[in-house]
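Report on the following structure.
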Amino acid sequence: SYLPCSQPHQIIMKSTIGVLVAGAIASLTETNAFAFQSTQQSLNRAKATSMQMSSGDDDSSSIHIMVNGMPGPMATAAAEACLRKGLSLSPIAMTGPDVEPGTITVSDDVTGKSAEVRLIPATDEGREDIVLSLAGLRESVGAKNVLAIDYTHPSAVNANGVFYAENKLPFVMGTTGGDRDQLMSDMESRDAFAVIAPNMGKQIVAMQAGLEELAEKFPSAFAGYKLEVTESHQKTKADTSGTAKAVIGSLKKLSDDDFDLEEDIKMLRDDESSLAFGVPKEAMNGHAFHTYTLTSADGSVQFQLQHNVSGRTVYAEGTADAVKFLASKVKSGMDGKVFSMIDVLSEGALE
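The numbers in the sequence shown follow our numbering, run straight up by one, and end at 338.
Encoded structure:
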């Protein structure tokens, strides 16, 4: 869905790990869319930004990010975060095929920075136009200084990925859904530069990394335990949480549970259910509340992992960090590679 995002995002992230053993509980809580009829004026502004660099490739403002999916709230939040972290926005971007073309102003309330971005619907004609416009932008600011962020729609994931790869446009894929195995195969066969991950939040990425390591070191440590998962998101989220799928993958290795990703996840997408699950009323339009529970066969032992996020800031900030990380890899001269957010975190690139 593509919805305007006019309000600043607030985030409260709460991670809770609870262990219930024989009636005793210990917990750890931490309150934590492409077409473009290029106007010379837009390209001149981009070129002027690039020429203002005194420190060359090390200056983040030389990097121009095409944030695709605006005016959807997640894409808009990512664009705001890019401005906040010193990056420049491309004067062109892709929007949904049913969205009217036009120009929007992206503004970051923290720094006061703003940028005008022309949104072009992702139609067949639009994709042809964007290729020409992309060439003009690259000529103006340098081919290695143009990257993309994708927060579009699950149904567009695979087609967009191939488009980016075939046009040698490095990208960060924050959109979940689509055929992920095919996406990875398409990118690797085309030597594409990309960061692809189901979640862009630093703390959640760290949690995922820890679970993956735990599952590798101690497989079947929770053999015989039953896994239950409930996840709540805003009603506009079309697919099952990619984060939930990744976490479940690790928990299944630990528990040997025959949990079915398609059948067993309890998805909440209506306000009444989300409120009953503990989501604040003010977070109905943007949240991610997940609870994973492992219970022993006799019910005497229970482990629970919970991560609750209100708002989009944590994801937007991580996305901006990921695109900066990817830009550094592109400029290093290495061959194209698909990275994960764990790679970004491992190099200390999440601020």
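Beta carbons are placed, not taken as given, at the ideal position from N, Cα and C, and that holds for glycine. Nothing here was measured: the structure is a model prediction, and the numbers come from that model.
Reference G236; option with closest CA among Y151, M321, A225 and L248: Start at 1 with the first residue of the sequence shown, and residue 236 comes out as number 249. Looking from the CA of G236, the closest CA among Y151, M321, A225 and L248 belongs to L248.
With DSSP as the reference, identify every bridge partner of I235, one or two as the case may be. By one-based count along the sequence shown, residue 235 stands at place 248. Per DSSP, none; premise fails for I235.
For the beta strand (DSSP E) containing T282, name the first residue and the last one. Here residue 282 corresponds to residue number 295 of the sequence shown, with the count starting at 1. Run containing T282: H274 to T282, per the beta strand (DSSP E) assignment.
Between the Cα of P185 and the Cα atoms of R177, L201, D168 and E175, which residue gives the shortest distance? Here residue 185 refers to the residue found at position 198 when the sequence shown is read from its first residue. Of the listed residues, the one whose Cα sits closest to P185 is D168.
Quick one: using the 10 Å Cβ neighbour count with 16 as the cut-off for buried, is T92 buried or exposed? Here residue 92 refers to the residue found at position 105 when the sequence shown is read from its first residue. T92 is exposed by the Cβ-count criterion.
Report the partner residues of A102 according to the DSSP bridge assignment. Residue 102 sits at position 115 when you count from the first residue of the sequence shown. V93, per the DSSP bridge assignment.
Suppose you measure from the CA of M171 to the CA of S242; what does that come to, to the nearest Å? Translated into the one-based positions of the sequence shown, residue 171 becomes position 184. Translated into the one-based positions of the sequence shown, residue 242 becomes position 255. Taking the straight line from one Cα to the other gives about 27 Å.
Tell me whether T227 sits in a helix, a strand or coil according to DSSP, three-state version. Numbered from its first residue, the sequence shown carries residue 227 at position 240. Annotated three-state conformation of T227 is coil, per DSSP.
Under three-state DSSP, which class holds V266? For the purposes of this step, residue 266 is taken as residue 279 along the sequence shown, with counting starting at 1. Secondary structure at V266: coil, using DSSP grouped into helix, strand and coil.
Is it the case that the Cβ atoms of A143 and A122 are separated by a distance below 8 Å? By 1-based counting over the sequence shown, the position of residue 143 is 156. By 1-based counting over the sequence shown, the position of residue 122 is 135. Against a cut-off of 8 Å, the Cβ pair of A122 and A143 comes out as no contact.
Can you look up D258 in the DSSP assignment and give me helix, strand or coil? By one-based count along the sequence shown, residue 258 stands at place 271. Helix.
Just how far apart, CA to CA, sit T36 and K224? Residue numbering aside, residue 36 sits at position 49 when the sequence shown is read from its first letter. Residue numbering aside, residue 224 sits at position 237 when the sequence shown is read from its first letter. For T36, the pLDDT reaches just 44, beneath the cut-off of 50, and the residue's location in the model is therefore unreliable, although a value from the coordinates is still provided. T36 and K224 have their C-alpha atoms roughly 36 Å apart.
CA-to-CA distance, F180 to L337, given in whole angstroms: For the purposes of this step, residue 337 is identified with residue 350 of the sequence shown, where counting begins at 1. For the purposes of this step, residue 180 is identified with residue 193 of the sequence shown, where counting begins at 1. Rounded to the nearest angstrom, the two C-alpha atoms are 18 Å apart.
On the premise that T230 lies in contact with I191, defined as a C-beta separation below 8 Å, what is that separation, rounded to the nearest angstrom? Position 204 of the sequence shown, counting from 1, holds the residue named residue 191. Position 243 of the sequence shown, counting from 1, holds the residue named residue 230. Their Cβ separation, rounded to whole angstroms, is 6 Å, which keeps I191 and T230 in contact under 8 Å.
Can you name the start and end residues of the beta strand (DSSP E) that D137 belongs to? Translated into the one-based positions of the sequence shown, residue 137 becomes position 150. Residues V133 to D137.
Which of the three DSSP states, helix, strand or coil, is assigned to I50? Position 63 of the sequence shown holds residue 50. Three-state DSSP puts I50 in coil, outside helix and strand.
Below 8 Å on the Cβ atoms is my contact criterion, and I expect N272 with Q221 to pass it. Report the Cβ-Cβ distance as a whole number of Å. Taking the sequence shown and counting its residues from 1, one reaches residue 272 at position 285. Taking the sequence shown and counting its residues from 1, one reaches residue 221 at position 234. That pair is a contact at about 5 Å.
As assigned by DSSP and simplified to three states, the class of V331: Position 344 of the sequence shown, counting from 1, holds the residue named residue 331. Collapsing the DSSP output to three states places V331 in a helix.
Grab the span of the alpha helix (DSSP H) containing T306 for me, first residue to last. Position 319 of the sequence shown holds residue 306. T300 to K318 is the extent of the alpha helix (DSSP H) around T306.
Using DSSP bridges, identify the partner residues of E215. In the sequence shown, counting from the first residue as 1, residue 215 sits at position 228. Under DSSP, E215 forms a beta bridge with T280.
Given this structure, state the Cα-to-Cα distance separating Y138 from I107, to the nearest angstrom. The residue you call residue 138 lines up with position 151 of the sequence shown. The residue you call residue 107 lines up with position 120 of the sequence shown. Going from the Cα of Y138 to the Cα of I107 covers about 15 Å.
Taking the alpha helix (DSSP H) that F205 falls in, what are its first and last residues? Residue numbering aside, residue 205 sits at position 218 when the sequence shown is read from its first letter. Element bounds for F205: n/a, residue is neither H nor E.
Own chain partners of S283 with C-beta closer than 6 Å, once the 5 adjacent residues on each side are dropped: To locate residue 283, count along the sequence shown from 1; it is residue 296. Apart from the 5 residues on each side of it in sequence, S283 sits with its Cβ closer than 6 Å to the Cβ of Y212 in its chain, given in chain order.
Selected residue, minimal CA-CA separation from D46, among D178, A68 and K72: For this step, residue 46 is matched to residue 59 along the sequence shown. Nearest C-alpha to D46: K72.
Thinking C-alpha only, which one of G161, M53 and L198 is nearest A130? The residue you call residue 130 lines up with position 143 of the sequence shown. Ranking G161, M53 and L198 by Cα distance to A130 puts M53 first.
At which residues does the alpha helix (DSSP H) containing T63 begin and terminate? Within the sequence shown, the letter at position 76 stands for residue 63. That run of the alpha helix (DSSP H) goes P60 to R71.
Is the region 145 to 155 touching the region 64 to 80 in the sense that three or more CB pairs, one from each, lie closer than 8 Å? The region 64 to 80 makes no contact with the region 145 to 155, as fewer than three CB pairs between them are under 8 Å.
What separation, rounded to the nearest whole angstrom, lies between the Cα atoms of S327 and E175? Taking the sequence shown and counting its residues from 1, the one referred to as residue 327 is at position 340. Taking the sequence shown and counting its residues from 1, the one referred to as residue 175 is at position 188. Going from the Cα of S327 to the Cα of E175 covers about 13 Å.
At what residues does the alpha helix (DSSP H) containing M187 begin and finish? As a position in the sequence shown, residue 187 is number 200, starting the count at 1. In the DSSP assignment, M187 falls outside any alpha helix (DSSP H) and carries neither an H nor an E.
How about K311: is its Cβ closer than 7 Å to a heavy atom in the ligand ATP? The model depicted lacks the ligand ATP and carries no ligand whatsoever.
Applying the 10 Å Cβ sphere with the 16-neighbour rule, what's the burial state of G265? Start at 1 with the first residue of the sequence shown, and residue 265 comes out as number 278. It counts as exposed.
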